[in-house]
Every structure is written in structure tokens, then in C-alpha cells.
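**Q** Below is one structure. I have some questions about it.
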Amino acid sequence: MTFDDLLQRAASLARPGHRAILGITGSPGAGKTTLAERVVRELNGDGPPWVAHVPMDGFHLADVELDRLGRRDRKGAPDTFDAAGYAALLRRLHEEHEEIVYAPGFERVLEQPLAGAIPVPPTAGLVVTEGNYLLLESGAWARVRAQLDEVWFCELDEQERIRRLVDRHEEFGKDQDSAVAWVLGTDQRNADLVATTRERADLLVPGTALPEPLTPPLS
């Protein structure tokens, strides 16, 4: 399998009269965002954009709400997202094609969601969404899979995945000791959970087919 194979498979999901949604999942640091951004960029090329990128990260709960719930030290765990809101947005993207649908983004420097940051125009025949928990079957996450035409699971060498994740946390402000502690603690618990959903994916994407990350590394 090559990256070009992935491009062809993604493009084939779109068909007239139907907006397709491709989900890309995998453990933290596995290359989901890098793959999604590259697929969107390559398929759009220099022409009118017909592929949109809507990350799951826009549905992080804000820090003020995580503080109220007592969950800020577990930020990134399944119950620190608005899973029901994410599922509802995916349903809107499937059903509403005649006007712009706005999705939230995520500001990595601030580590906060940003409402209405991503416009999905009517011309978008394919939406690529990525996140850790697309195949999770608990709570509101169980509503997500039904809204996805196909789900790919990124498989990256474990040592490389951890290295990239530590680099990313350092890039966004953590010192090395804090970055390593977070990656081997909170992030690893989330990674172990995501790994249990692997068998529900439509396609397992090997590390050899994943594009190299940008700088800073992305999830």
C-alpha cells in the first residue's frame, strides 16, 4: 500500500448527490492529522476545493469546563470531548448540502477549541475528519461510526509514535520531563483504549504509507 493508493481510495468515496465522510483514526501521535491534511491538499490540488478537513479536536471541552468537571488532568480522554456534538455535526454534514456548515477548530498554542472556525461549503463532496475515538462504542461516541462512510486506522511504529508525541508536547510549551510524563501517562492510557478499536476499521494504514509529519509534528 502506498500514499497514492490512499488518495485513490479517498477520491472514490465521493459520488454525485452524496457527501462522503472519511474518518481517520489511530492512537495519539500516529499521524492522523498529517495524513488527513495531505489527502485534502493533494485531492484539492490547484482547482476549486471540493474536499474539506474537519478535525475531531474542535470538540475538546474548554479548560474552564474541564476545571469545573475536575477532568483537566486527563485532557484528551474520551470524556473530555463533546462527543454528542461531534456526532451531530457529522450528521449535519451528511444531510445539509445547500449552505455552509461551520465546524469548530482547535488552537494548539492556546490548547482551546474555536467555535465556527472551519467553513464546509456546499461544493465539498468529501469531508475528511480525524481523531482518536471515531470507533469507540461507549456513550455518545457510538453515534459517530454511523456517520462515516469509511474509517482508516493509522498504524505507526510505537517508538516513533511516542517520539513524535513527546516532540509535539515540547513544541507547544512543555519541558521534556513534563512531556514524557504526559505521553507515558495520560496519552498512553488513551492510546491503549484506541488500540482496542483497531479491528473495527475498514482499512489499516501501515507506517510506510503515511506521509512524514510537518514541523511541528501533528497527531
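Going from the sequence shown to our numbering is simple: count from 1 and add 3. Don't be surprised by glycine CBs; every beta carbon is placed ideally from N, CA and C.
1) Determine the contact status of R22 and H97, defining contact as a CB-CB distance below 9 Å.
2) Quick one: Cα of E101 to Cα of L64, how far?
3) Terminal residues of the continuous beta strand (DSSP E) containing F109?
4) So for A204, helix, strand or coil by DSSP?
5) From the DSSP output, which residues share a beta bridge with L25?
6) For the alpha helix (DSSP H) holding V197, just list the boundary residues, first then last.
7) From W155 to W53, what does the alpha carbon distance come to, in whole angstroms?
8) Leaving out the 5 sequence neighbours to the left and right, which residues in its chain are closer than 6 Å to D160 when beta-carbon positions are compared?
9) Helix, strand or coil for F6, going by three-state DSSP, please let me know.
10) With a CB to CB cut of under 6 Å and the five nearest residues on each side skipped, what residues in its chain are close to G34?
11) For P220, does the three-state DSSP call read helix, strand or coil?
12) So, are the CB atoms of T37 and E215 less than 9 Å apart?
13) Can you tell me the Cα-Cα spacing of G128 and D190, whole angstroms?
**A** On the basis of the supplied data:
1) yes
2) 29 Å
3) V104 to E110
4) coil
5) V131 and E153
6) Q191 to A198
7) 20 Å
8) G210
9) helix
10) C157, L159 and L213
11) Confidence in P220 is poor, its pLDDT being 39 and thus under 50, which makes the residue's placement too unreliable to answer from.
12) yes
13) 33 Å
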